[in-house]
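Engineer: Residue numbering for the sequence shown follows our numbering, starting at -14 and increasing by one per position. I am attaching a structure below and will ask some questions about it afterwards.
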Amino acid sequence: MRHGEVHNPEGILYGRLPGFRLSDQGAAQAIKVASVLADHDITYAVASPLQRAQETIAPIAKEHGLTVRTDDRLIEADNVFEGLKVSIGDGALRKPRHWPKMRDPFTPSWGEPYIQIAHRMLAGATAARDAARGHEAIIVSHQLPVYTLRRFLEGKRLWHDPRGRQCSLASITSLMYDGDALVDIVYSEPAGASDPLATGA
């Protein structure tokens, strides 16, 4: 699951910065998803250490009487533009001093390599699957890590246009297993759709 909407009035790329909580809308999204998942057989709950992920998973874990586990492998991707505005028109990307950081969109040169994100996310997902074997696990992470893992498992190239990500706020990307074999990936938006480029994301 991707976390809910974040309170981000300055519209910055907050990445791994501390102190970014859910907005009122984000908290409502988390409660909505908890209600949708109330009848699921969830026996394991784990999240990124970042505040927005912890706040998103809390009502789900409470609904199922679970203690939330934390896994650093589920954290947001590292990014050199963290703390800056990167929106088109007023962002850091307009400044020539930042252009060398964008020389390679395939790795990418501005942050954590996609393949590294995919591998750590897969390790985290596999650990959660094993902890909940025979039942369901809920994992809360972040847009880029969730979508990168999905592309990796679907055998697609990892570099992509972020405007086309199918990973709305509080959306669920379900990995369906038969034993250890991944048999399907199912995407749903129990809290509704959102813009993949929204700065509150």
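Glycine included, every Cβ here is placed at the ideal spot set by N, Cα and C.
Could you tell me which residues DSSP pairs with ARG54 in its beta bridges?
Structural biologist: Taking the first residue of the sequence shown as 1, we reach residue 54 at position 69. Paired residues: VAL31.
Engineer: Quick check: is any heavy atom of the ligand GTP less than 7 Å from the C-beta of HIS104?
Structural biologist: This structure lacks the ligand GTP; in fact it carries no ligand of any kind.
Engineer: Hey, could you find the ends of the alpha helix (DSSP H) SER159 is sitting in?
Structural biologist: Here residue 159 corresponds to residue number 174 of the sequence shown, with the count starting at 1. Careful: SER159 lies outside any alpha helix (DSSP H), inside the beta strand (DSSP E) at 157 to 163.
Engineer: Counting along the chain, where does the alpha helix (DSSP H) carrying LEU207 start and finish?
Structural biologist: In the structure as shown, the chain begins at -14 and stops at 186. Residue 207 is therefore absent and cannot be evaluated.
Engineer: Looking only at its own chain, which residues have a Cβ that is under 6 Å from the Cβ of HIS49, when we skip the five neighbours before and after it?
Structural biologist: Within the sequence shown, residue 49 is the residue found at index 64, counting from 1. Here the set comprises ILE27.
Engineer: In this structure, how does DSSP classify ILE(-3) when only helix, strand and coil are distinguished?
Structural biologist: Start at 1 with the first residue of the sequence shown, and residue -3 comes out as number 12. DSSP places ILE(-3) in coil when its eight states are reduced to three.
Engineer: My guess is that GLY11 and VAL(-9) are in contact by the Cβ rule of under 8 Å, so how many angstroms apart are they, rounded?
Structural biologist: Position 26 of the sequence shown holds residue 11. Position 6 of the sequence shown holds residue -9. Confirmed, about 6 Å.
Engineer: Tell me which residues share the same chain as ALA178 and place their Cβ nearer than 7 Å to its Cβ, disregarding the 5 neighbours each side in the sequence.
Structural biologist: Here residue 178 corresponds to residue number 193 of the sequence shown, with the count starting at 1. Closer than 7 Å at the Cβ level, and outside the excluded window around ALA178, lie SER153.
Engineer: Excluding the 5 residues preceding and the 5 following THR52 in the sequence, name in chain order all residues of the same chain whose CB lies nearer than 8 Å to its CB.
Structural biologist: The residue you call residue 52 lines up with position 67 of the sequence shown. Within the same chain, THR52 has close Cβ partners ALA30, ALA46.
Engineer: Rounded to whole angstroms, what's the CA-CA distance from VAL18 to SER8? Just pull it up for me.
Structural biologist: Locating residue 18 in the sequence shown gives position 33, counting from the first residue. Locating residue 8 in the sequence shown gives position 23, counting from the first residue. Going from the Cα of VAL18 to the Cα of SER8 covers about 15 Å.
Engineer: I think GLU61 touches GLY0, with their Cβ atoms under 8 Å apart; what is that distance to the nearest whole Å?
Structural biologist: Here residue 61 refers to the residue found at position 76 of the sequence shown. Here residue 0 refers to the residue found at position 15 of the sequence shown. 5 Å between Cβ atoms; contact.
Engineer: At which residues does the beta strand (DSSP E) containing VAL(-9) begin and terminate?
Structural biologist: The count along the sequence shown starts at 1 and reaches residue -9 at position 6. Note, VAL(-9): premise wrong, no beta strand (DSSP E); not H, not E.
Engineer: Would you list the residues sitting across from GLU121 in a DSSP beta bridge?
Structural biologist: Numbered from its first residue, the sequence shown carries residue 121 at position 136. BP columns for GLU121 point to ILE27.
Engineer: At 4 residues or longer, what runs of the alpha helix (DSSP H) sit wholly inside the region 62 to 118?
Structural biologist: With a minimum length of 4 residues, the continuous alpha helix (DSSP H) runs that stay inside the region 62 to 118 are 99 to 116.
Engineer: Counting beta carbon pairs with one atom in the region 32 to 41 and one in the region 94 to 108, are three or more of them shorter than 8 Å?
Structural biologist: As far as the Cβ criterion goes, the region 94 to 108 does not touch the region 32 to 41, which means the pair count is below three.
Engineer: For PRO85, which residues in the same chain have their Cβ closer than 7 Å to its Cβ, ignoring the five residues on either side in sequence?
Structural biologist: Working through the sequence shown from its first residue, we reach residue 85 at position 100. Around PRO85: no qualifying Cβ.
Engineer: Could you tell me the distance, in whole angstroms, from the CA atom of LEU69 to the CA atom of ILE(-3)?
Structural biologist: Your numbering for residue 69 matches position 84 in the sequence shown. Your numbering for residue -3 matches position 12 in the sequence shown. Taking the straight line joining both Cα atoms gives about 5 Å.
Engineer: With a cut-off of 8 Å on the beta carbons, I'd call GLY109 and ASP169 a contact; round off their distance for me.
Structural biologist: Along the sequence shown, read from residue 1 onward, the residue named residue 109 stands at position 124. Along the sequence shown, read from residue 1 onward, the residue named residue 169 stands at position 184. About 19 Å; that fails the 8 Å criterion.
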